[in-house]
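>
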Amino acid sequence: MAMTRDRTLRVDRIACTGEGLCGELLPELIDLDEWGYPVLKDRVVPDRLRAHARRAVAACPRLALHTDRA
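Position one of the sequence shown corresponds to residue 193 (our numbering), numbered consecutively onward.
1. To the nearest angstrom, how far is the alpha carbon of Asp223 from that of Thr259?
2. With respect to the alpha helix (DSSP H) encompassing Leu213, which residues constitute its N-terminal and C-terminal limits?
3. Assuming the contact rule is C-beta atoms closer than 8 Å, Ala262 and Arg199 should be a hit. Round their C-beta distance to whole Å, please.
4. So what's Leu255 in DSSP terms, helix, strand or just coil?
5. Under the rule that 16 or more other beta-carbon atoms within 10 Å means buried, what is Pro253, buried or exposed?
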């Protein structure tokens, strides 16, 4: 029996400068406020969005977006 490990999103609010790229790459889980800062809709990353979440984390210019094991 395979065991899946849930992943959660986390934003380092101090490092984030509101570029908004994460919201463009992962709109299913991240909204952007009026200044371009991320607002997480849901912290849990569903299996179907894991690759997209990894891409958004890797693309963050300030390394402010992270995925953690739940």
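The C-beta atom is built at its ideal place from N, Cα and C for all residues, glycine as well.
Working from what's here:
1. Residue mapping note: residue 223 aligns to position 31 of the sequence shown, counting from 1. Residue mapping note: residue 259 aligns to position 67 of the sequence shown, counting from 1. Cα to Cα, the separation comes out at about 17 Å.
2. Translated into the one-based positions of the sequence shown, residue 213 becomes position 21. Start and end: Leu213 to Leu217.
3. Along the sequence shown, one-based indexing puts residue 262 at 70. Along the sequence shown, one-based indexing puts residue 199 at 7. Yes, Ala262 and Arg199 are in contact; Cβ-Cβ is about 7 Å, under 8 Å.
4. By one-based count along the sequence shown, residue 255 stands at place 63. Looking at Leu255 - three-state DSSP - the assignment turns out to be coil, as it is neither helix nor strand.
5. To locate residue 253, count along the sequence shown from 1; it is residue 61. Its Cβ having fewer than 16 others within 10 Å, Pro253 is exposed.
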